[in-house]
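Q:
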Amino acid sequence: MPPKRALWSEDDLVAAVQAVQCGRLSTYKSAERYKVPRRTIRNHLQTASLKKSLGRKPLLNDEQEAELVSRIMRFAAIGLPVTPQILRRLVFKFCEKNNIKHPFNQQAKVAGKDWFKNFMKRHPDISRRKAQFMNPARAQKLNKFIVDDHFQRLNEVYDKLDLKTHPEKIYNMDEKGCRLTIHHQQTVLAQKGAKRVHLQSSEHAESVTIAGCINALGTNIPPMIIFKGKRLKPELYDNLPPGSLVEKSAKGYMTNELFIEFLKHLARYKTPGKCLLIFDGAACHLDLSIVEVADSLDIALYCLPSNTTHELQPLDKAVYRSFEHHWDSELLLFMEQNPDKKLTKARFNIIFTAVWSKCMTYNNITSGFRATGLYPFNPHAIPETAFAPSVLSEAAAAVPDAVDIENSPPRVPSTPMPPGSPQPSTSMQEPRIDHTPKTPSKRFYKMVYGSSSSDDEDNVPLAQVKRTSFKQLLPTPAKNTEKTPAVRRKAINYRGTPITKDLFNKNIMERKTSKMKKTGKAESTKENRESWYCHACKQDQEAAMRMCCKCSKWYHEECVGLSEEDDDDFECPDCS
1 MPPKRALWSE
11 DDLVAAVQAV
21 QCGRLSTYKS
31 AERYKVPRRT
41 IRNHLQTASL
51 KKSLGRKPLL
61 NDEQEAELVS
71 RIMRFAAIGL
81 PVTPQILRRL
91 VFKFCEKNNI
101 KHPFNQQAKV
111 AGKDWFKNFM
121 KRHPDISRRK
131 AQFMNPARAQ
141 KLNKFIVDDH
151 FQRLNEVYDK
161 LDLKTHPEKI
171 YNMDEKGCRL
181 TIHHQQTVLA
191 QKGAKRVHLQ
201 SSEHAESVTI
211 AGCINALGTN
221 IPPMIIFKGK
231 RLKPELYDNL
241 PPGSLVEKSA
251 KGYMTNELFI
261 EFLKHLARYK
271 TPGKCLLIFD
281 GAACHLDLSI
291 VEVADSLDIA
301 LYCLPSNTTH
311 ELQPLDKAVY
321 RSFEHHWDSE
331 LLLFMEQNPD
341 KKLTKARFNI
351 IFTAVWSKCM
361 TYNNITSGFR
371 ATGLYPFNPH
381 AIPETAFAPS
391 VLSEAAAAVP
401 DAVDIENSPP
411 RVPSTPMPPG
421 SPQPSTSMQE
431 PRIDHTPKTP
441 SKRFYKMVYG
451 SSSSDDEDNV
461 PLAQVKRTSF
471 KQLLPTPAKN
481 TEKTPAVRRK
491 AINYRGTPIT
501 KDLFNKNIME
511 RKTSKMKKTG
521 KAESTKENRE
531 SWYCHACKQD
541 QEAAMRMCCK
551 CSKWYHEECV
561 GLSEEDDDDF
571 ECPDCS
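Listed below in structure tokens is the structure:
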């Protein structure tokens, strides 16, 4: 066995060095008392370092590794996390540009696996994680302006209906698609080193739509089950939670007619009096006939902003998150007990009922309303870290450092701003709605593997010391200024809004008037305007502009999420 080394602790080293520095003990006596080698004490006296370290020194010093850690955290916060392979390639490139001697493979041009392993040990605050996929539209849409505007409008609805002290009148509904198979790969036992480990399960299974509804008091109403088909067999009604509503549709999805049936189903279980139903902006939820039925049933409707329900909807946030996990567990148990039976629509109810009772718990429901700020009403419930991915669609000057997001002060409630006061950044005025921005991943990998002269908004002191810093090799992607194809009309749910008859009547009138003339649209020529000042981004730069039809202020089309295809009258965020 190799001799045991470094059995002393760092506290022993500190005490031994301090005893020698104070003159109380000699190096010999100090080494004997604290069990620290005399030569080790002498070396630490010369270097003035009190940190215990064995073996070779790390390739990068503490400051360089601290900068690298900050870049890793920043990219993870904005939705472009760094993989181990990219990190190793980046470190190799950093050493080459700064003439740092290294033992890395010159042909592979990546740092070694041993270096990466030791780097992870030195920085336990960084760990390997499985990233969740996020649609670029969700990353762009979930920003401070949209969320603050949502809570401001919701606050008006709460005050109007007196809901802040009546959680039993606040409801949230959402659909959940459930495939009749296992949803996720399972961890199983097999021979070590086996190359083929399979679990027999259907790859292309039929889906069943589940419409659930909960209220802020922590209760839920019986679900609505939608099967695909033209006829409902009697066995589809068996073994469901008591009071469940069973319906059918051609494709197995929710429709306008079925949503009306759901409202009638809700009316049988809701508390007496006016209630509020909060839901997402699916097309099957937005129709004039739905509003008329809801009014007759004493149900007020509120639509959440598009592409934000993963943070603003209680069912998505807390209840449905565990559904697939419990579903897979129950399905595996069913397969074990019934190896000769396949999961069909007739047997769906057996598994679903067991899963539903595990998801619809009091703790899950109340934590969902609390995390989304719906009850207790809390406009600051969404943490600042949730807005970090939206920085790729904001102006560079307005982007905060993602590393300091958690320590940033709480957001100020959204209030109307007086004229001349500082305005939010460009993406917070009126982001591009229902557009799918081009993913910046190609630009991101180009920055990692290729040269880039673009600067970043972070202030890293080492950038002025080294010839090439990690900030220069791995800069935060700049704002994507490329325009994407735009829809002709903004969707009803481009912001959170109460759904009323007036909303549909207004849209009908706007369609008629927009065909007759175009109002408040400026041509992108220098001859038409002497100034290109935008009241959203506070910059005077040449771009296509729009004038507010009420206050006559000018805005860049890109800053308010418009394009040449939008023909209706434009109202700025202050006037709307």
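For the sequence shown, UniProt numbering assigns the number 576 to the last residue and increments by one with no breaks.
All C-beta atoms, glycine included, are put in the ideal place defined by N, C-alpha and C.
All of these numbers come straight from a predicted model, not from anything done at the bench.
Would you tell me roughly how many angstroms separate the C-alpha atoms of K438 and A137, rounded to the nearest one?
A: Taking the sequence shown and counting its residues from 1, the one referred to as residue 438 is at position 438. Taking the sequence shown and counting its residues from 1, the one referred to as residue 137 is at position 137. The predicted model places K438 with a pLDDT of 41, which falls under 50 and marks its position as unreliable; any figure quoted below should be read in that light. Spanning the two alpha carbons is a distance of roughly 9 Å.
Q: Helix, strand or coil, according to DSSP, for K109 in the structure here?
A: The residue you call residue 109 lines up with position 109 of the sequence shown. Residue state, collapsed to three classes: coil.
Q: Suppose you measure from the CA of S202 to the CA of L232; what does that come to, to the nearest Å?
A: Within the sequence shown, numbered from 1, the residue matching residue 202 stands at position 202. Within the sequence shown, numbered from 1, the residue matching residue 232 stands at position 232. Spanning the two alpha carbons is a distance of roughly 23 Å.
Q: Mind checking which residues open and close the alpha helix (DSSP H) that includes W554?
A: Along the sequence shown, read from residue 1 onward, the residue named residue 554 stands at position 554. It is not in any alpha helix (DSSP H) - W554 instead sits in the beta strand (DSSP E) that spans 554-556.
Q: So the alpha helix (DSSP H) R74 belongs to, where does it begin and stop?
A: As a first step, residue 74 is located in the sequence shown; it is residue number 74 there, counting from the start. 62-77 is the extent of the alpha helix (DSSP H) around R74.
Q: Taking C-alpha atoms, which residue in L217, T47, G281, V20 lies nearest to T271?
A: Numbered from 1 along the sequence shown, position 271 holds the residue referred to as residue 271. Ranking L217, T47, G281, V20 by Cα distance to T271 puts L217 first.
Q: May I ask you to list the residues that DSSP assigns as paired with S249?
A: For the purposes of this step, residue 249 is taken as the residue at position 249 of the sequence shown. Beta-bridge pairing links S249 to K228.
Q: Shortest alpha-carbon distance to F323 belongs to which of L59, R179, V560?
A: Within the sequence shown, numbered from 1, the residue matching residue 323 stands at position 323. Residue R179 is the option with its Cα nearest to F323.
Q: Identify, in the order they occur along the chain, each residue of the same chain with its Cβ nearer than 6 Å to the Cβ of Y34, setting aside the five sequence neighbours on each side.
A: Along the sequence shown, one-based indexing puts residue 34 at 34. Here the set comprises D12, A15, A16.
Q: What residue does the beta strand (DSSP E) around N172 start on, and which one ends it?
A: Locating residue 172 in the sequence shown gives position 172, counting from the first residue. Start and end: 170-179.
Q: Can you tell me whether C548 is buried or exposed, with buried defined as 16 or more other CB within 10 angstroms of its CB?
A: As a working mapping, residue 548 is identified with position 548 in the sequence shown. Under this definition C548 is a buried residue.
Q: Restricting to runs no shorter than 4 residues, where is the alpha helix (DSSP H) found entirely within the region 330-367?
A: Entirely contained in the region 330-367, the alpha helix (DSSP H) runs reaching 4 residues are, in chain order, 345-359.
Q: Pick helix, strand or coil for F133, following the three-state DSSP scheme.
A: Residue numbering aside, residue 133 sits at position 133 when the sequence shown is read from its first letter. In this structure, F133 counts as coil in the three-state DSSP scheme.
Q: Using the C-alpha atoms, what's the distance from V20 back to Q46?
A: Locating residue 46 in the sequence shown gives position 46, where the first residue counts as 1. Locating residue 20 in the sequence shown gives position 20, where the first residue counts as 1. Approximately 12 Å, taken between the alpha carbons.
Q: For a quick check, are the C-beta atoms of W554 and Q541 less than 8 Å apart?
A: As a first step, residue 554 must be located in the sequence shown, where it is residue number 554. As a first step, residue 541 must be located in the sequence shown, where it is residue number 541. Result no, Cβ atoms of W554 and Q541 do not sit closer than 8 Å.
Q: Answer yes or no: do A6 and L50 have a C-beta to C-beta separation smaller than 8 Å?
A: In the sequence shown, residue 6 corresponds to position 6, counting from 1. In the sequence shown, residue 50 corresponds to position 50, counting from 1. No, the pair does not count as a contact, with Cβ atoms beyond the cut-off.
Q: Here's the rule: buried if 16 or more other CB atoms are within 10 angstroms of the residue's CB, otherwise exposed. What is P103?
A: Here residue 103 refers to the residue found at position 103 when the sequence shown is read from its first residue. Exposed: under 16 other Cβ atoms inside 10 Å.
Q: Checking 8 Å against the spacing of the C-beta atoms, do P314 and N493 come in under that value?
A: The residue labelled residue 314 in the question sits at position 314 within the sequence shown. The residue labelled residue 493 in the question sits at position 493 within the sequence shown. No, Cβ-Cβ distance for P314 and N493 is not below 8 Å.
Q: Across which residues does DSSP place V319 in a beta bridge pair?
A: Locating residue 319 in the sequence shown gives position 319, counting from the first residue. According to DSSP, V319 bridges with nothing at all.
Q: Taking only the alpha-carbon atoms, compute the straight-line gap between G273 and S244 and give it to the nearest angstrom.
A: For the purposes of this step, residue 273 is taken as the residue at position 273 of the sequence shown. For the purposes of this step, residue 244 is taken as the residue at position 244 of the sequence shown. Those two C-alpha atoms are separated by around 23 Å.
Q: For S469, does the count of other Cβ atoms within 10 angstroms reach 16, so buried, or fall short, so exposed?
A: Here residue 469 corresponds to residue number 469 of the sequence shown, with the count starting at 1. Counting Cβ neighbours within 10 Å, S469 comes out buried, since at least 16 surround it.
Q: Below 6 Å CB to CB, which residues in the same chain sit around A371 once its five sequence neighbours on both sides are set aside?
A: If you number the sequence shown from 1, residue 371 lands on position 371. Excluding positions up to five away in sequence, the list reads K317.
Q: By Cβ distance, which residues of its chain are closer than 7 Å to V69, with the 5 residues on each side in sequence left out?
A: Translated into positions along the sequence shown, residue 69 becomes position 69. Only H123, I126 meet the Cβ criterion.
Q: Excluding sequence positions up to five away, which residues of its chain have a Cβ less than 8 Å from the Cβ of V157?
A: As a first step, residue 157 must be located in the sequence shown, where it is residue number 157. Closer than 8 Å at the Cβ level, and outside the excluded window around V157, lie L163, L276, A300, Y302, P498.
Q: Where do the ends of the beta strand (DSSP E) carrying I86 lie?
A: For the purposes of this step, residue 86 is identified with residue 86 of the sequence shown, where counting begins at 1. Counting along the chain, I86 falls outside any beta strand (DSSP E), though it belongs to the alpha helix (DSSP H) covering 84-97.
Q: Return the CA-CA distance between A396 and F75, expressed in angstroms with no decimal places.
A: Position 396 of the sequence shown, counted from the first residue, corresponds to residue 396. Position 75 of the sequence shown, counted from the first residue, corresponds to residue 75. Bear in mind that a pLDDT of 38 at A396, under 50, signals an unreliable position, so the number given afterwards is only what the model happens to contain. So the two alpha carbons sit approximately 15 Å from each other.
Q: If we ignore side chains and look at the alpha-carbon of each, how far apart do L154 and R129 end up?
A: Your numbering for residue 154 matches position 154 in the sequence shown. Your numbering for residue 129 matches position 129 in the sequence shown. The straight-line gap from Cα to Cα measures roughly 35 Å.
Q: What's the C-alpha gap between L288 and T353?
A: The count along the sequence shown starts at 1 and reaches residue 288 at position 288. The count along the sequence shown starts at 1 and reaches residue 353 at position 353. Cα to Cα, L288 sits roughly 34 Å from T353.
Q: Under DSSP, the alpha helix (DSSP H) around R24 begins and ends at which residues?
A: If you number the sequence shown from 1, residue 24 lands on position 24. No alpha helix (DSSP H) contains R24, which DSSP labels as neither H nor E.
Q: Note down, in chain order, each residue of its chain lying with its Cβ closer than 6 Å to the Cβ of S451, except the 5 sequence neighbours on either side.
A: Looking up residue 451 in the sequence shown gives position 451. The predicted model places S451 with a pLDDT of 40, which falls under 50 and marks its position as unreliable; any figure quoted below should be read in that light. Closer than 6 Å at the Cβ level, and outside the excluded window around S451, lies no residue.
Q: Give the straight-line distance between the Cα atoms of V560 and K97, rounded to the nearest whole angstrom.
A: Here residue 560 refers to the residue found at position 560 of the sequence shown. Here residue 97 refers to the residue found at position 97 of the sequence shown. Cα to Cα, V560 sits roughly 42 Å from K97.
Q: Report the residue from R89, K4, E292 whose alpha carbon sits nearest the alpha carbon of D502.
A: Position 502 of the sequence shown, counting from 1, holds the residue named residue 502. Nearest option by C-alpha distance: E292.
Q: Excluding the 5 residues preceding and the 5 following P241 in the sequence, name in chain order all residues of the same chain whose CB lies nearer than 6 Å to its CB.
A: On the sequence shown, residue 241 is found 241 positions in, with the first residue counted as 1. So the qualifying residues of the chain are P222, T353, W356.
Q: Of the choices V319, C551, R88, I78, whose alpha-carbon is the least far from that of I210?
A: To locate residue 210, count along the sequence shown from 1; it is residue 210. Nearest C-alpha to I210: V319.
Q: Does the Cβ-Cβ distance between L474 and L90 come in under 8 Å?
A: Residue numbering aside, residue 474 sits at position 474 when the sequence shown is read from its first letter. Residue numbering aside, residue 90 sits at position 90 when the sequence shown is read from its first letter. For L474 and L90, yes; Cβs fall inside 8 Å.
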